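Peer 1:
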Amino acid sequence: MATAGRTPLNDRPSLLGQPRVIPGPGPAAHNDSRHDWAYEKPLNDPAVAEIWCYTPRISYRAGEVIDVHVHSIRPAFEIEVTRDGPNPERVFFQSGIAATAAATPDRAHVVGCDWPVAFQLTVDPAWRSGFYVVVVRLREPDGEVFEREHFFVVKPSAPATASSIAFVVSTCTMNAYNDWGGGNSYHGEGGSPRFKQANARTALRRPWSRGLVKLPAGAPRAVSTAELPPFAVPQLPAHPWARHYGYARDYADASWALYGKLFIDWAEANGFTLDYFSQHDLHDDPQTLVPYRLSVIVGHDEYSSWPMREAIENQLAAGGNHARFAGNNIWQVRYEDGGTTFVNHKDETTDPLLGTEQERYVSNAWDLPCTGWPLAKTFGLTGSGVIHAMYGGAAPRASGGFTVYRPWHWSLEGSDLYYGDVIGDRPDCVAAYEIDGCDFTMRDGLPYPTGRDGAPDNLTIVAMAPALLHEEDHFQASTASQMNSVSTPSIKGDGTGLPHLEEHEGARHPRYGAGMIASHDRGVGPGDGTVFVAGSTDWVVGLQRRNWFVEHITRTVLERLSGPSPSA
């Protein structure tokens, strides 16, 4: 006999004794707790059209040759290359390219593909620095079209000549969520039917899973912005949509189309010229950002390597500035096997570097004591203290915006914002999904960092939004995402291993906190070594939806921090 409040479809009365209200087309079983997605991989069935491609690298410069590795069930395909932006520019098209059905290794998500090169593309010097979408396409005799997407970044040939702003594409997080071939850093083939096996090692040389590069208009965000009735079950709208339309389970977590594209569409339409880089460029050369007045990263930026952090530190030390319109900054990663393998141990005790002289490179939370380099030391904020807002059972009825505490801060200049105003609330919900904050205390109605998590004393907290480390479960495991299932031992529960999350007398409970807008100066003063963070994955949604305050703040930050050095 089922216990009250706990049934397979979670449709009995809740723990509070009230009837459940399950919005949308189905029960809570249509959510993240279902792990029976079929992973995208070749069927090798001649009756089914299929094609995918990948490139050995993520970024290229003018004149370099791009090897396009292809698996195609048909003997010929077409390729289209488009520079993404507010006005997409098709720069290349060719049809009738020969291809073959290639053998794909078992566990390709771990070992990578070894497909033949079907086409070589030379980067035209006329192509501007940018994000280039590659579409490979099959056209069937009956008119059916099958296509899949890839991308590459064109780096500037002469850095910091056309622009003082370096825009860094969050390619690490895309790596982590790419489940093409059988899995990603969160789940994969193997494990139990309920919780599939996370992969500590995943391959870069494989296609991107469907939805990580390109999406149709109207594809849902990770969060629900709908009003949640009393006793309703919080939902994750992207998951049933992805299942129904055949997209990757995690598309909404890391899609370029939902994060980076929203920023560059707005920035370029508003007259900002950007030099584009991938995070892998920073990994390969930590001096990459030094020539720039401002580096920018946006959206869901959850992962980074030691050299990537060094690249930002080097830029700040040289008097440059960093703007982070992004959230969920948590994990250190490594690249091994000549840069072709992405390494991230969700359980740090399984990383062979733990307990060795190299343990500062343990591929787990940056805030682990063994790294000696907490995220707040660089950015002022971290994602490991609080993570989620308006996501499943984590603050599902929050305002969706950042409440202003210091309206006199330079980033709000000219905004007409008052103390207590809310930036980007419903229906835009810019303080949503996964966000960054710091350990803080309140004095005289104003928030101040405690410094327990490494946040600098001169960090100015401008605005805040409620956030939680995990969901509040009103429904005995029927809430949408069940985040404890994938959390590292260092983060889940009481935060063992992360000193700023451990319980102590007078401390807030480690499940609760706030995402923040904040800044601090690393150099001689404002505009020299300044770090500004609007700590939310979904800040960019406010740009897409033309929220006046979000646009104004973003423009103010970009103009101030990319301009000439005040000390020059």
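Letter by letter, the sequence shown follows residues 901 to 1468 of the numbering used here.
Each residue gets a CB set at the ideal place from its N, CA and C atoms; glycine is no exception.
Since the model is a prediction, treat every value here as computed from it, not as a measurement.
1. Rounded to the nearest angstrom, how far is the Cβ of Asp-967 from that of Gln-1020, given a contact under 8 angstroms?
2. Taking the alpha-carbon positions, what's the Ser-1465 to Val-1190 distance?
3. Using the beta-carbon count (16 or more within 10 Å), is Arg-1297 buried or exposed?
4. Which whole-angstrom value describes the C-beta separation of Phe-1052 and Tyr-1077, a residue pair presumed to lie in contact below a C-beta threshold of 8 angstroms?
5. Of all the options Tyr-1318, Val-1036, Thr-955, Ser-1029, which has the alpha carbon lying nearest to the alpha carbon of Gly-996?
6. Can you give me the Cβ contacts of Glu-1210 inside the same chain, cut-off strictly under 6 angstroms, excluding the 5 residues immediately before and after it?
7. Tyr-847 by DSSP, collapsed to three states: which one?
8. Check whether the stretch 1286 to 1306 touches the stretch 1329 to 1349, taking contact to mean three or more Cβ pairs, one atom from each stretch, closer than 8 angstroms.
9. Taking only heavy atoms of the ligand ADP into account, decide whether any of them is closer than 7 angstroms to the Cβ of Glu-1047.
10. Give every residue of the same chain whose Cβ lies closer than 8 angstroms to the Cβ of Val-1262, excluding the five residues on either side of it in the sequence, and list them in chain order.
11. What's the C-alpha gap between Arg-1422 and Asp-1428?
12. Helix, strand or coil for His-1309, going by three-state DSSP, please let me know.
13. Alpha carbon to alpha carbon, what distance is there between His-1050 and Trp-1108?
14. Comparing alpha-carbon positions, which option in Trp-1156, Ala-1098, Arg-1106 lies nearest Val-1069?
15. For Gly-924, which residues in the same chain have their Cβ closer than 8 angstroms to its Cβ, ignoring the five residues on either side in sequence?
16. What residue range is occupied by the uninterrupted alpha helix (DSSP H) comprising Met-1208?
17. What is the C-beta distance between Asp-1184 and Asn-1229, in whole angstroms, given that I count them as a contact (C-beta under 8 angstroms)?
18. Ignore the nearest five residues each way along the sequence and tell me which others in Tyr-960's own chain have a CB closer than 8 angstroms to its CB.
19. Using only alpha-carbon positions, find the residue among Thr-1350, Leu-1368, Tyr-954, Arg-1224 that is nearest to Ser-1419.
20. Can you list, in chain order, the residues of its chain whose CB lies under 6 angstroms from that of Val-921, leaving out five sequence neighbours each side?
21. Taking three-plus beta-carbon pairs below 8 angstroms as touching, is the stretch 1057 to 1076 in contact with the stretch 1175 to 1184?
22. How is the beta strand (DSSP E) around Ser-1195 delimited, first residue to last?
23. Measuring alpha carbon to alpha carbon, tell me which residue in Asp-1336, Asp-1042, Glu-1089, Glu-1371 is nearest Leu-1281.
24. Buried or exposed for Ala-1294, going by 16 or more other Cβ atoms inside 10 Å?
25. Which one or two residues does DSSP pair with Arg-1037 in a beta bridge?
26. Have a look at the DSSP bridge pairing and note the partners of Glu-1334.
27. From Trp-1308, Lys-1161, Phe-1242, Leu-1112, pick the residue whose C-alpha is nearest to that of Glu-940; which is it?
28. I'd like to know if the stretch 1349 to 1358 and the stretch 1303 to 1317 are in contact, where contact means that at least 3 CB-CB pairs between them fall below 8 angstroms.
29. Within 10 angstroms of its Cβ, does Pro-975 collect 16 or more other Cβ (buried), or is it exposed?
30. Run through DSSP, which three-state label would Ala-1377 get?
31. Can you give me the C-alpha to C-alpha distance between Ala-1126 and Asp-1321, rounded to a whole angstrom?
32. Mapping DSSP to helix, strand and coil, what is Glu-1451?
33. Give me the DSSP bridge partner(s) of Ile-973.
34. For Thr-1173, does the three-state DSSP call read helix, strand or coil?
35. Which whole-angstrom value is the C-beta distance of Tyr-1235 and Gln-1215, which I expect to be below 8 angstroms?
36. Rounded to whole angstroms, what is the Cα-Cα separation between Pro-1016 and Ala-938?
Peer 2: Taking the structure as given:
1. 6 angstroms
2. Approximately 14 angstroms, taken between the alpha carbons.
3. exposed
4. Their Cβ separation, rounded to whole angstroms, is 18 angstroms, which puts Phe-1052 and Tyr-1077 out of contact at 8 angstroms.
5. Val-1036
6. Pro-1186
7. Residue 847 is absent from the structure shown; the chain starts at 901 and stops at 1468.
8. yes
9. Ligands displayed in this structure: none; no statement on the ligand ADP is therefore possible.
10. Gln-1232, His-1245, Glu-1248, Asp-1251, Leu-1253, Leu-1254, Leu-1268, Cys-1270, Thr-1271
11. Each residue's Cα considered, the two are about 7 angstroms apart.
12. coil
13. Trp-1108 and His-1050 have their C-alpha atoms spaced approximately 6 angstroms apart.
14. Trp-1156
15. In this prediction, Gly-924 scores a pLDDT of 39, lower than 50, which makes its location untrustworthy; the coordinate-derived value is nonetheless stated afterwards. Contacts found: His-930, Gln-1135, Pro-1137, Pro-1140.
16. 1206 to 1217
17. About 21 angstroms separates the Cβ atoms of Asp-1184 and Asn-1229, ruling out a contact at the 8 angstroms cut-off.
18. Ile-966, Val-1023, Phe-1052, Val-1053, Val-1054, Lys-1055
19. The alpha carbon of Ser-1419 has as its nearest neighbour, out of Thr-1350, Leu-1368, Tyr-954, Arg-1224, the alpha carbon of Arg-1224.
20. Interpretation of Val-921 is limited by its pLDDT of 38, a score under 50 that renders its predicted location unreliable; the figure taken from the coordinates is listed afterwards. Counting only Cβ-Cβ distances below 6 angstroms, and skipping sequence neighbours, we find Pro-1129, Phe-1131, Ala-1132.
21. yes
22. 1194 to 1200
23. Relative to Leu-1281, the option among Asp-1336, Asp-1042, Glu-1089, Glu-1371 whose CA is nearest is Asp-1336.
24. buried
25. The secondary-structure analysis by DSSP pairs Arg-1037 across a beta bridge with Glu-978, Glu-1047.
26. His-1288, per the DSSP bridge assignment.
27. In this structure, Leu-1112 is the residue among Trp-1308, Lys-1161, Phe-1242, Leu-1112 with its C-alpha nearest to the C-alpha of Glu-940.
28. no
29. Result: exposed.
30. With a pLDDT of 46 at Ala-1377, under the threshold of 50, the modelled position of this residue cannot be trusted; read the value that follows with caution. Ala-1377: coil per DSSP, three-state reduction.
31. 21 angstroms
32. Here Glu-1451 sits in helix by DSSP.
33. Answer by DSSP bridge pairing: none, since Ile-973 is not bridged.
34. coil
35. Not really, about 21 angstroms apart at Cβ, beyond 8 angstroms.
36. Each residue's alpha carbon lies about 25 angstroms from the other.
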